[in-house]
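A.B. asks: Take this structure, written in structure tokens, and hold onto it; I'll ask about it next.
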């Protein structure tokens, strides 16, 4: 008897859900250019990591390549910002590596002082 009530309830829920799906159309999904989006993400990452390590050059180069590939495809609204951020990240990485990265030197001095003063 309880199983019969459950089946009736389940049938009513299915009919209700089917009615809602027929009345309400789903929104149109806009396409996303994945290469351009990844290029933008890697470009932003290369800017942030450029202050800390020279390895962000790899992020910048991969971001630039992906953004260039994404620029050739339709829906390329993320491609140009991806190229710009990748180039900026590349310049920051190379520039700070050529200067000896004063941010890292200052950070190393602070860390060494912390461990010498507080750990002794």
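Residue numbers (the working numbering): 20 to 139.
Heads up, the beta-carbon is just placed ideally off N, CA and C, and yes, glycines get one too.
Determine the DSSP secondary structure at residue 35, reduced to helix, strand or coil.
C.D. replies: Helix at residue 35.
A.B. asks: For the candidate residues 133, 112 and 100, whose alpha-carbon lies nearest to that of residue 54?
C.D. replies: Measuring from the Cα of residue 54, the nearest candidate turns out to be 100.
A.B. asks: In three-state DSSP terms, what is residue 92?
C.D. replies: Residue state, collapsed to three classes: coil.
A.B. asks: CB residue 114 to CB residue 82, shorter than 8 Å?
C.D. replies: Their beta carbons are not under 8 Å apart, which means residue 114 does not touch residue 82 by this criterion.
A.B. asks: Just to confirm, is the Cβ distance from residue 118 to residue 51 under 8 Å?
C.D. replies: No. Outside cutoff.
A.B. asks: From the DSSP output, in three-state form, read off residue 52 for me.
C.D. replies: Residue 52: coil per DSSP, three-state reduction.
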